Amino acid sequence: MTSQDSRYDRNGFGALAFHVVFLVFILAPLAVVCLVAFTPDNFLSIPTQHFSLRWFRSLMGDEDFQSALRTSLWLGVTSATVSTALAVPTAMGLARYRFPGRDAINSFVLSPLMIPPVVLGIAFLRLFTLLDMGGSFESLVACHALLIFPYALRLIMAALVGQADEGERAARSLGAGRWTTFRRITLPAILPGVAGGWVLAFINSFDELTATIFVTSPETITLPVRIYMNMSETVDPSVAAISTLLIGLTLAVMLVLDRIYGLNKVLVGNH
Amino acid sequence: MNATTSRPAGASAVSAVPANKAKPAASPEVASQRRAAWALVMPATLYFLVLLAVPLVLTFVLSLHGFDPNSGGILPTVSLQHYVDIVTDSYFYEIFLRTLLLSAGVTLLCVLVGVPEAYFLFRMRDPWRSLCLVLVLGPLLISVVVRTLGWSILLGREGLVNTALTKLGLVDHPLQMLFTMGAVTVALVHVLVPLMVLSVWTSLTRLDPAVAHAARSLGAGRPTVMWRVVLPQITPGILSGSLIVFALTASAFATPALIGGRRLKVVATTAYDEFLGTLNWPLGAAIAIVLLVVNVLIISGYNRALEKRFTRRLG
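Heads up: the protein sequence lines correspond to chains A and B, in order.
Per the numbering used here, residue 141 is the first one in the first sequence, and the count goes up by one each step.
Per the numbering used here, residue 138 is the first one in the second sequence, and the count goes up by one each step.
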């Protein structure tokens, strides 16, 4: 590429101005939430003279908030684990073999991406009401494991497809059984993909609101549902404080993901 | 959704045995491979049958039942009455129309804003490029409720936008921005535009810069290169991004509920209200089924139309 070419490739002033406006548009609502969380007032206002941590302190004594946080964390960990445990064999079957019905199964297990969460929530509620187990933690895990399955599957599939199967074939021809081959050869090779799939599944479970609203009960309210309910009733700055904590948590996860995989790879889909 | 492999069919099956032993389909070798494959995908398939297929069928059956508004009970009668209501009642007609217009508007805005942004991002140099990409795409990992909260703070009566407008002397009284279609549209564009950027970005990274350079060295100006060389190559990305944004807007719940409020109902919030508000489960189920069917029809119809278009062009 000649120097003339690279000058030609550069963004002009208009492009940069557009880009700045775009970034402000994307970041302003998040920045506002974080600012409001430090207000000393009783209502949502941008602190001008004094910053206060009172709303963060009030979260410490807020049992509703803490139990919602615990539920969300525990739900995310459990359902991401169930989902990943189901996704690893499925990805192996779909990536390594051709068989009749393969395409149908592939679209079937990716279908939660296509079905509106409201519809999924209603369907889950219907099922669990008939089974008389609505609102239990187990029913939430069952729903979330299904909802986040496609995210786990996609990253694990990408890892399997990106990795040649010579090692597996060599192990098999030397007499290793399927399980040994998987445990000693395949799993170590795709472990980064499996871990990435787990994290992405966890994040999606942790953030899920719409379907969860239908299956939750007062004992199993998750953090997004708690924030949603607060927002639709009275909005006091404690909601902003919770949200700020969530933004901080997400930033931390993003930094970790970026260190391990490069965040663009995770977000752009690892192809 | 295209994480599927493009490995040749049965490659591992055939090459695992010496070439002279390779047999046509239905040989014991192929049959055992199939059994292995099925054993691997079986757990997830069963899980999906029990937790997805069965509940959806149950919901459909529920939508055929009657509802007694006096006792609040579900009647064992079977009819298509709720579907007839949804199609004929002007109340539902308005809600479906509003959802459709909202989806179209949000999609259009996401194209107008997201496509140039993706292109400008693509032309940046590292480290700015990676940093800006993370800033633009990172919010995808932050809960939709949190992002919506930001908009309700910004657009409220005493919110930042109103304060700024009043101080600048542009308005006398604070504007009513919350609970308007404009506010719902802006908030949804904010939530969904990163997906458009992502989609266009993906097709930009597949773009061969040599083609654009060739066009320029042959004397094409900037607009011509953009219009005739770059744009056609990223069109698939724009189209798939539009589909994602459209489908997600059509089924969006939290943002319309919190920013639009009670008066500006969309399909998803209506289904929610019928289920958890008025407790008319059969009607709520019918709305959900209509939403699902329309969603699936639009997605598969769109995909089919795209496939046809692009295979025609390539072949």
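Even glycine gets a Cβ: it sits at the ideal position worked out from N, Cα and C.
Being a predicted model, the structure only gives us computed values, none of them experimental.
One Cα belongs to A:A310, the other to B:F259, and the distance between them is close to 42 Å. For B:I396, the secondary structure class from DSSP, reduced to helix, strand or coil, is helix.
Three or more beta-carbon pairs separated by less than 8 Å are not found between the stretch 306–320 of chain A and the stretch 255–275 of chain A, which leaves the two stretches without contact. In this structure, B:T415 is the residue among B:R446, B:N432, B:R441, B:T415 with its C-alpha nearest to the C-alpha of B:N207.
Taking 7 Å as the cut-off, the Cβ atoms of B:A181 and A:V379 do not count as close. Scanning A:D305, A:I262, A:T230 for the CA closest to the CA of A:F289 turns up A:T230.
Among the residues facing chain A, B:V282 is included, as its CB has a counterpart in that chain under 7 Å away. DSSP places B:F204 in the uninterrupted beta strand (DSSP E) bounded by 202–205. Counting other Cβ atoms within 10 Å of its Cβ, B:H202 reaches 16 or more and is therefore classed as buried. From the listed residues B:V308, B:T244, B:W288, the smallest Cα separation to B:V330 is found for B:T244. Within its own chain, the residues whose Cβ lies closer than 7 Å to the Cβ of B:A422, once the five positions on either side in sequence are excluded, are T196, L199, S200, listed in chain order. The bridge partners DSSP lists for B:I211 are B:F204. Contacts with chain B at 7 Å (Cβ-Cβ) do not include A:G315.
At least one CB atom of chain B sits nearer than 7 Å to the CB of A:G233. One Cα belongs to A:V160, the other to A:L193, and the distance between them is close to 31 Å. Minimum Cα-Cα distance from A:L209 among the listed residues A:G201, A:T384, A:N370, A:T362 corresponds to A:T362. Non-local beta-carbon contacts of A:L300 in its own chain, meaning distances under 6 Å to residues more than five positions away in sequence, involve A231, A235, I330 in chain order. Taking C-beta separations shorter than 7 Å and ignoring five residues to either side along the sequence, the partners of B:L395 in its chain run T285, S289, following chain order.
For chain B, the residues of the stretch 200–231 of chain A that bring a beta carbon within less than 8 Å of one of its beta carbons are L226, A227, P229, T230, in chain order.
Each of B:I279, B:P192, B:A255, B:A352 was checked against the Cα of A:G388, and the nearest Cα belongs to B:I279. Neighbours of A:R324 across chain B, judged by C-beta separation under 8 Å, do not exist; the nearest C-beta is about 17 Å away.
Straight-line measurement puts the Cα of B:I426 at about 14 Å from the Cα of B:N417. In the DSSP assignment, B:F259 falls within the alpha helix (DSSP H) that extends over 227–259. Taking the Cα positions, A:F264 is about 6 Å away from B:P192.
For A:N151, the chain B residues whose C-beta falls within less than 8 Å of its own C-beta are F257, R260, M261, listed in chain order.
Proximity of B:W288 to chain A, defined by a Cβ-Cβ separation below 7 Å, is satisfied.
Flagged as an interface residue toward chain B: A:A155, by a C-beta distance shorter than 7 Å. Counting of Cβ neighbours within 10 angstroms places A:Y291 among the buried residues, the total reaching 16 or more.
Within a 10 Å sphere around the beta-carbon of A:D347 sit 16 or more other beta-carbons, which makes this residue buried.
For A:S279, the CB contacts under 7 Å within the same chain, skipping 5 residues up- and downstream, are F268, M273, V355 in chain order. Neighbours of B:L193 in chain A, taken as residues whose beta carbon is under 7 Å from its own, are A263 in chain order. Its chain contains V243, L246, C247, V250 as the residues whose beta carbon lies nearer than 8 Å to that of B:V326, once the 5 sequence neighbours on both sides are disregarded; these appear in chain order. Cβ-Cβ separation between B:V282 and A:M371: approximately 7 Å, consistent with a contact (criterion under 8 Å). With contacts defined as CB atoms closer than 7 Å, B:V362 and A:I245 fail to qualify as a contacting pair. Counted as a single uninterrupted DSSP element, the alpha helix (DSSP H) harbouring A:F289 occupies residues 289–301. For A:F178, the closest C-alpha among the options A:P240, A:R197, A:H284, A:R399 is that of A:R197.
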